[in-house]
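Q: Per UniProt numbering: the sequence shown ends with 653, consecutive numbering throughout. Every residue, glycine too, gets a C-beta built ideally from N, C-alpha and C. Just so we're clear, the structure is a prediction, and the values are computed from it rather than from any experiment.
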Amino acid sequence: DASEDVDATETLLPRPPVVTIMGHVDHGKTSLLDALRGTDVVAGEAGGITQHIGAYQVTVKSGEKITFLDTPGHEAFTEMRQRGANVTDIVVLVVAADDGLRPQTIEAINHTKAAGVPMIVAINKMDKPEANPKKVREDLLQYEVIVEEMSGDVQDVEVSAMKRTGLDDLIEKILLQAELLDLKANPDRAAEGNVIEAKLDKGRGPVATVLVRRGTLRVGDIFVIGAESGKVRALIDDKGRSVKEAQPSTPVEVLGMSGTPGAGDQLSVVENESRAREVAAYRAGVIQQKRTTATPA
Ligand code: GDP
């Protein structure tokens, strides 16, 4: 597969981190995603129309960008991984300070460790009188998550998604972690990306939210997506704006494909339509084979 090749070091440029928020139900994942989205300094300029396309990018005061996958939950994370799409660079583990570690918190820790992705612990609901962040930090030790305050190297931060406190601190820690990871991609090549979510839209036909991993995706590009192929008819960003191109770590809605792909599927830009059909047919064959081997009669 073309995705196996590696870009030369001198072609690599910094790219924004891709962050997934995980944690137990009701601990505040959705609230935190909404609160973080509210910190975007360019959202206002765009007219404040936010589209839910499965991921969004926030530009912070310094001009740096962070991409959040806004499908909270572990299923999306594991499903993407199973499909070989390790799109997440950093996991933010949300733990409600008044509720502590719960089964899905442990599950999230395990998934994160299995993926080898660094974690930042966000201790949420700090506005509540019964908040007990000390207990959260202590209990995390049992799962070998040792936060800075306990002399470990896992960053932790106290937040309230509801009162919108601690958010700048969280953003700062995400950016620090990203710096340590030295995230880079070559923006100057045929684009590759992964499907975050896809649907068949009544008016627009098949629509896929793609997170560009490397290269720059442009209107007019010919591509393969999963076992489908197409030509980019339009690109819509997370603010609902029509854009001409999307750079690495940018989520964008792609229009112009033959059918609806699945989450985690790979998009690859190819040189021409006959090549697109060839790769799509090959992938369809591989998918068929996988299904046959996966379900022994
Ligand atoms: P999710 O299931 O993890 O996505 O959790 P939600 O974001 O839906 O939040 C669950 C509940 O906790 C909702 O009623 C939220 O209003 C509440 N909640 C979320 N964050 C906070 C917070 O920082 N403080 C307080 N007091 N409540 C919060």
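Which two residues bound the contiguous beta strand (DSSP E) that contains L392?
A: Start at 1 with the first residue of the sequence shown, and residue 392 comes out as number 36. Per DSSP, L392 belongs to no beta strand (DSSP E); it is in the alpha helix (DSSP H), 385-393.
Q: Can you list, in chain order, the residues of its chain whose CB lies under 6 Å from that of K519, leaving out five sequence neighbours each side?
A: Position 163 of the sequence shown holds residue 519. Once the five neighbours on either side are set aside, the close Cβ partners of K519 are D483.
Q: Apart from the five residues just before and just after A358, which ones in its own chain have a Cβ nearer than 7 Å to its Cβ?
A: Looking up residue 358 in the sequence shown gives position 2. Interpretation of A358 is limited by its pLDDT of 47, a score under 50 that renders its predicted location unreliable; the figure taken from the coordinates is listed afterwards. For A358, where only same-chain residues beyond five positions count, the Cβ hits under 7 Å are S624.
Q: Helix, strand or coil: which one does DSSP assign to S598?
A: Locating residue 598 in the sequence shown gives position 242, where the first residue counts as 1. In the structure shown, S598 sits in a strand (DSSP, three-state: E or B).
Q: Considering A464, what are the terminal residues of the alpha helix (DSSP H) in which it resides?
A: Indexing the sequence shown from 1 puts residue 464 at position 108. 459-471 is the extent of the alpha helix (DSSP H) around A464.
Q: Given a cut-off of 8 Å on the beta-carbon distance, is the pair K595 and T427 in contact?
A: For the purposes of this step, residue 595 is taken as the residue at position 239 of the sequence shown. For the purposes of this step, residue 427 is taken as the residue at position 71 of the sequence shown. Not closer than 8 Å, so no.
Q: Just to confirm, are L567 and V374 a CB contact at a threshold of 8 Å?
A: Here the question's residue 567 lines up with position 211 in the sequence shown. Here the question's residue 374 lines up with position 18 in the sequence shown. Yes, the pair counts as a contact, with Cβ atoms nearer than the cut-off.
Q: Return helix, strand or coil for V443, following the three-state DSSP convention.
A: By 1-based counting over the sequence shown, the position of residue 443 is 87. Of the three classes helix, strand and coil, the one that applies to V443 here is coil, per DSSP.
Q: Give the single residue among L496, T648, A619, S614 whose Cα lies nearest to the Cα of A636.
A: In the sequence shown, residue 636 corresponds to position 280, counting from 1. Considering only alpha carbons, the answer is S614.
Q: Looking at the structure shown, is G612 part of a helix, part of a strand, or coil, going by DSSP?
A: Position 256 of the sequence shown holds residue 612. In this structure, G612 counts as strand in the three-state DSSP scheme.
Q: Hey, how far is the Cα of T649 from the Cα of R439?
A: To locate residue 649, count along the sequence shown from 1; it is residue 293. To locate residue 439, count along the sequence shown from 1; it is residue 83. C-alpha separation (whole angstroms): 15 Å.
Q: For L392, collect the residues of the same chain with a Cβ closer than 7 Å to its Cβ; drop the 5 residues on either side in sequence, then sort them by chain order.
A: Taking the sequence shown and counting its residues from 1, the one referred to as residue 392 is at position 36. Same-chain partners within the cutoff: V414, F424, L523.
Q: Could you give the residue range of the alpha helix (DSSP H) that holds D363?
A: By one-based count along the sequence shown, residue 363 stands at place 7. Taken as a continuous stretch (DSSP letters only), D363 belongs to no alpha helix (DSSP H), as it is neither H nor E.
Q: Tell me, please, whether the stretch 460-479 touches the stretch 503-522 by the rule of three or more beta-carbon pairs shorter than 8 Å.
A: These segments touch.
Q: Kindly examine the ligand GDP and report whether one of its heavy atoms sits closer than 7 Å to the Cβ of D361.
A: Counting from 1 along the sequence shown, the entry for residue 361 is found at position 5. No, since every heavy atom of the ligand GDP falls outside the 7 Å radius drawn around the Cβ of D361.
Q: Cβ-heavy atom distance between D512 and the ligand GDP below 7 Å?
A: Residue 512 sits at position 156 when you count from the first residue of the sequence shown. Checking the Cβ of D512 against the ligand GDP gives no.
Q: When DSSP builds the beta bridges, which residues end up paired with F424?
A: For the purposes of this step, residue 424 is taken as the residue at position 68 of the sequence shown. Bridge partners of F424: V375, Y412.
Q: Once you ignore the five residues that flank A453 on each side, which residues in its own chain have a CB closer than 7 Å to its CB?
A: Here residue 453 refers to the residue found at position 97 of the sequence shown. Answer for A453: I479, N480, K481, M482, K484, A487, N488, P489, V492, listed in chain order.
Q: Does the distance from the CB of T395 to the CB of I527 come in under 8 Å?
A: Position 39 of the sequence shown, counted from the first residue, corresponds to residue 395. Position 171 of the sequence shown, counted from the first residue, corresponds to residue 527. In contact: T395 and I527 (Cβ atoms closer than 8 Å).
Q: At the level of alpha carbons, what is the spacing between A534 and V575?
A: Walking along the sequence shown from the start, residue 534 turns up at place 178. Walking along the sequence shown from the start, residue 575 turns up at place 219. About 29 Å.
Q: Locate the alpha helix (DSSP H) running through I530, then write down its first and last residues.
A: Position 174 of the sequence shown, counting from 1, holds the residue named residue 530. Element bounds for I530: 523-537.
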